[in-house]
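Note sheet for the following structure.
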Amino acid sequence: MNRRDFLWSGTAATALVVGAAAMLRVGAPRPALAAETFEVTKTDAEWHAILSDAAFDVLRKQGTEYPGTSPLLNEHRKGVFACAGCDLPVYPSETKFDSGTGWPSFWQEIPNSIGKTEDRSLGMTRTEVHCRRCGGHLGHVFDDGPPPTGLRHCINGVALSFKPATAA
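Numbering (my numbering), first residue to last: 75 to 242.
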């Protein structure tokens, strides 16, 4: 393996992108998101009191968790994935799929659960998704997903909680 092969191997390339994102990220919310009004609002101290450091970084500072680290990658039970900040159901388990990216991926959200903003960080334009109730950053959506939508919601697992379906 030469240096180029190492630098662009899956794990190394992902780590490089995540590291670059962390260096280029601005701690304050993007203007479009800051202008929105959300049902659930808290001070940073209040968010810190209810979120882990990792969840606070992702949900409140638009961070990114390291790929392959979320236990939700292997969550295959029926149920609902909810925002870890305010508990709003955002993704049904039926729309979860293995994208091979290292982050939980979904092909469709629950109606009226997310908001979208343009993200121009990292020198590219992406669509950022956030919880419509608290504004918590969830991840990004791309147009390379499976049918029927063709979308891949690439979501930070630390931004979600899982609620298993109850037996009927």
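Just so it is clear, CB atoms sit at the ideal spot from N, CA and C, and this is done for glycine as well.
Cutoff 8 Å; reference residue i; Cβ partners in own chain excluding five residues on either side
| i | result |
| --- | --- |
| Leu146 | Phe155, Pro178, Gly231, Leu234, Phe236 |
| Glu110 | Gly189, Gly209 |
| Ala239 | Arg151, Lys152, Gly153, Val154, Ser167 |
| Trp121 | Phe130, Leu133, Arg134, Gly159 |
Chain-order list of residues whose beta-carbon lies under 7 Å from that of residue i (same chain, five-residue window excluded)
| i | result |
| --- | --- |
| Pro166 | Val154, Ile184 |
| Gly224 | Asp217 |
Beta-carbon proximity of residue i to residue j, cut-off 8 Å
| i | j | result |
| --- | --- | --- |
| Thr187 | Pro222 | In the sequence as displayed, the identity of residue 187 is Ser instead of Thr. Going by C-beta atoms, Ser187 is not nearer than 8 Å to Pro222. |
| Arg200 | Phe112 | no |
| Ala128 | Glu139 | yes |
| Gly219 | Ile229 | no |
Contact with chain D by residue i, beta-carbon distance below 8 Å
| i | result |
| --- | --- |
| Lys190 | Given the protein chain composition of this structure (a single chain), no chain D is represented. |
When the options are compared against residue i, the one with the closest alpha-carbon
| i | options | result |
| --- | --- | --- |
| Ala158 | Ser195, Val132, Glu149 | Val132 |
| Leu125 | Gly142, Pro141, Cys160, Lys152 | Cys160 |
| Gln260 | Glu192, Thr175, Glu168, Gly176 | Since the first residue of the chain shown is 75 and the last is 242, residue 260 is not available in this structure. |
| Ser173 | Arg134, Glu192, Val203, Val215 | Val215 |
| Cys74 | Glu149, His227, Ala119 | An answer regarding residue 74 cannot be provided, because it is not within the stretch 75 to 242 covered by the chain. |
| His211 | Lys116, Thr191, Met198 | Thr191 |
Delimiting residues of the alpha helix (DSSP H) encompassing residue i
| i | result |
| --- | --- |
| Lys135 | 127 to 135 |
| Ile124 | 118 to 124 |
Cβ neighbours of residue i in the same chain (closer than 6 Å, five flanking residues each side left out)
| i | result |
| --- | --- |
| Lys170 | Phe180 |
| Leu137 | The question names Leu, but residue 137 is Gly in the sequence shown. Closer than 6 Å at Cβ, skipping near neighbours: Asp131. |
| Asp193 | Arg200, Glu202 |
| Gly176 | Pro141, Gly142 |
N-terminal and C-terminal residue of the beta strand (DSSP E) that residue i is part of
| i | result |
| --- | --- |
| Gly192 | Note that residue 192 corresponds to Glu in the displayed sequence, not to Gly. Run containing Glu192: 188 to 193, per the beta strand (DSSP E) assignment. |
| Leu196 | That residue, Leu196, is in no beta strand (DSSP E); it is neither H nor E in DSSP. |
| field | Uninterrupted beta strand (DSSP E) stretches inside the stretch 146 to 173 (no shorter than 3 residues) | value | 153 to 157, 163 to 166
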